[in-house]
Each structure stands twice: as C-alpha cells, then as structure tokens.
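Below is one structure, written out as structure tokens; comments come after it.
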Amino acid sequence: MDDDAGVLALCTDGALVRWTRPAGSTPPRAHDVWHWGRLVDPAVGVTPEDAPTALAYKGDRIAASFPKFGVRIWVMKQGSWQSQRPISRPNVTAIEFIDDGTALLGGTKDGVLWYCQLPDGVPRVYNFFKARICGIDVLPMGTHALVSQQVGRAHLVAISQDENRGKVKQVYTVQPDLQADAVYDANALFVGRNDAVLYGSANGYLFAWDKANANILCGLDHGDGSIVQAIGTHRSSGSMRDGCVVTGSRDGKLNWWGEPMECK
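The sequence shown stops at residue 272 when you use our numbering, and every number in between is there.
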C-alpha cells in the first residue's frame, strides 16, 4: 500500500485484510513482527465457486472482482472503507484502476477488455481477445496497458480517451521453436523506464522484451529448469537505477534484480 502503510490481501471469502508491522527498531527485530486487521468483512453469499479473482488498489480506492457478483468497490471516507456502487459484470478475471482512480480497466475469462467510469458508469468494451485475460498492467502515464492471456500472448493496448483507445499496438509472443518450453505463469509487466516488458520464461530464463518492437532483448537467468511464476516491480520517478524487480519461482526462490537489469 502507499507510503508503506502495509500489505493488502484479498481472502477467498471476499474479506480484505491489511498486514502491518510496527515502526521503529525496539524491541529487537520488531520489523519481523507483522500484525493483521480486517478492513472489509467477507462478502455475503460468496461460495467457493465465487471466490474473488482479482484485486486492485489505488490510494484511497480498492476493487475486488467476483465471478458471479461482478466488481465490488470501496473508497476511504472519514477514516473507514465504505462500499460503493458495484459493477455488475460477471466473470471478471483482471482489474486495474486508471485515470487517477476515476475508472477501472477490466478483463474477463472470455477475453473481453472493458472500461468503466466510476462511480456510476456502464462498462464499455474496448477489445475482444477471444481467450481468458489473466492480468493487466498500466503505464504510469495512463496511455497504454499490457493485457496478458493464458494462451501465451501479451498485448500492448492504447487506453487513452481518443480515437486509438482499445487498439492493439504490439503483441509479445515467443517464436514457434520456443513455444514447447515456454511458460506464462507470471503476467506481463512494464519495467525499466517503462520501455521494456517482462513476460514468459523458458529453460530458466525470464524474457525481457523491447516494448516498441516486441523483440526479446535478453533473458534473466534463474537457473536451469527454474519456472518463474510471479513478478513484482518497484518503479521510481527518478533514475532507472532506482527501480527494482523481484521474481518468484516454483522452487520457492525469490530473486532481486536491480535496474538496469543484467541479463543474457
């Protein structure tokens, strides 16, 4: 969460919790002690089949998607998280706040990319990708989004409110000779000065792509046989060297990469 306020988590019953750790360094190792508190109670009527599928956070706003119920939204008001009008769109699998939190960009299990103005807008279809959308990442300036799919493709999509909105500007997918070994457990993310994309891995290497021309620049070496299943990034407003990337692999390892990343 912003300003190191804690770690936000979405539970399978729809409850929202926040993990925090005490400030200061006394008693010894106080930073290793985390506490949790519930921000939002479980959703009424949620069954295992309707467990939440995605979480989005932007400052004073939180959104969570449910297969049947659609998207629930909360806004921080007067010191508490207050429920807002939900978006009644079923089968949502990915969501992200855009336009400084005044709108949501979402994707569904059947490949629909949609946009909805908050709080009272109606979802509008931006594009149809014909296969499940697994994740969405948005450039800080809000002009483009990375849309990841289970079928081994990530799309660079224009999302500015102009005649180009919804148009695919680039597609990231490996060559046929690598497809048999390629794994796409982790969703695509912008990295560096937002001029590169991390997506897909094979033979222990996580691919870094040139955002503009969709060529593979290099691979981050995680070791032979290692499969990357999660990627986290920290973006800095300053030098490219101030950012970092953390990757997690199926064998339980976390790897930290400074920027610019050293890869082969």
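Positions of the beta carbon are idealized from the N, C-alpha and C atoms, including for glycine.
By Cβ distance, which residues of its chain are closer than 6 Å to residue i, with the 5 residues on each side in sequence left out?
{"i": "residue 203", "result": "219"}
{"i": "residue 17", "result": "25"}
{"i": "residue 81", "result": "71, 92"}
{"i": "residue 42", "result": "27, 29"}
{"i": "residue 54", "result": "21, 22"}
{"i": "residue 163", "result": "155, 176, 179"}
{"i": "residue 281", "result": "Nothing about residue 281 can be reported from this structure: the residues present for the chain run from 9 to 272 only."}
For residue i, which of helix, strand or coil comes out of DSSP?
{"i": "residue 171", "result": "coil"}
{"i": "residue 187", "result": "helix"}
{"i": "residue 109", "result": "helix"}
{"i": "residue 12", "result": "helix"}
{"i": "residue 128", "result": "coil"}
{"i": "residue 229", "result": "strand"}
{"i": "residue 218", "result": "strand"}
{"i": "residue 58", "result": "helix"}
{"i": "residue 150", "result": "coil"}
{"i": "residue 77", "result": "coil"}
{"i": "residue 139", "result": "coil"}
{"i": "residue 263", "result": "strand"}
{"i": "residue 192", "result": "coil"}
{"i": "residue 88", "result": "strand"}
{"i": "residue 234", "result": "coil"}
{"i": "residue 158", "result": "coil"}
{"i": "residue 95", "result": "strand"}
What residue from the options has the CA that sits closest to residue i's CA?
{"i": "residue 101", "options": "162, 227, 60, 44", "result": "60"}
{"i": "residue 238", "options": "183, 164, 90, 253", "result": "253"}
{"i": "residue 47", "options": "79, 115, 76, 68", "result": "68"}
{"i": "residue 135", "options": "240, 116, 54", "result": "116"}
{"i": "residue 79", "options": "95, 66, 209", "result": "95"}
{"i": "residue 51", "options": "14, 73, 44", "result": "73"}
{"i": "residue 107", "options": "172, 147, 84, 83", "result": "147"}
{"i": "residue 176", "options": "57, 215, 155, 198", "result": "155"}
{"i": "residue 229", "options": "213, 240, 257", "result": "213"}
{"i": "residue 187", "options": "208, 85, 44, 120", "result": "208"}
{"i": "residue 139", "options": "122, 118, 133", "result": "118"}
{"i": "residue 174", "options": "198, 122, 224", "result": "122"}
{"i": "residue 62", "options": "206, 10, 104, 172", "result": "104"}
{"i": "residue 11", "options": "66, 44, 86, 205", "result": "66"}
Just to confirm my understanding: we take residue i, look at its own chain, exclude 5 residues before and 5 after, and list those with CB closer than 7 Å. What are they?
{"i": "residue 247", "result": "Caution is warranted here: a pLDDT of 46 is assigned to residue 247, below 50, making its placement in the model unreliable, and the coordinate value is therefore given only provisionally. Counting only Cβ-Cβ distances below 7 Å, and skipping sequence neighbours, we find nothing."}
{"i": "residue 181", "result": "160, 161"}
{"i": "residue 193", "result": "235, 236, 237"}
{"i": "residue 90", "result": "82, 83"}
{"i": "residue 257", "result": "230, 234, 235, 236, 237"}
Could you give the C-beta distance for residue i and residue j, rounded to a whole number, given that I count them as a contact under 8 Å?
{"i": "residue 144", "j": "residue 157", "result": "Between residue 157 and residue 144 the Cβ distance is about 11 Å, and since that is not below 8 Å, they are no contact."}
{"i": "residue 131", "j": "residue 97", "result": "5 Å"}
{"i": "residue 210", "j": "residue 190", "result": "5 Å"}
In its own chain, which residues sit with a C-beta less than 8 Å from the C-beta of residue i, not counting the 5 before and 5 after it?
{"i": "residue 56", "result": "20"}
Do the segment 258-268 and the segment 218-227 make contact, defined as three or more Cβ pairs closer than 8 Å?
Counting Cβ pairs under 8 Å, fewer than three are found: no touch.
Taking 8 Å as the threshold, find out whether the segment 166-178 comes into contact with the segment 146-157 through three or more Cβ pairs.
With the rule of 3 Cβ pairs closer than 8 Å, the segment 166-178 counts as touching the segment 146-157.
Closer than 8 Å is the cut-off here; do at least three beta carbon pairs connect the segment 104-112 with the segment 126-142?
The segment 104-112 vs the segment 126-142: in contact.
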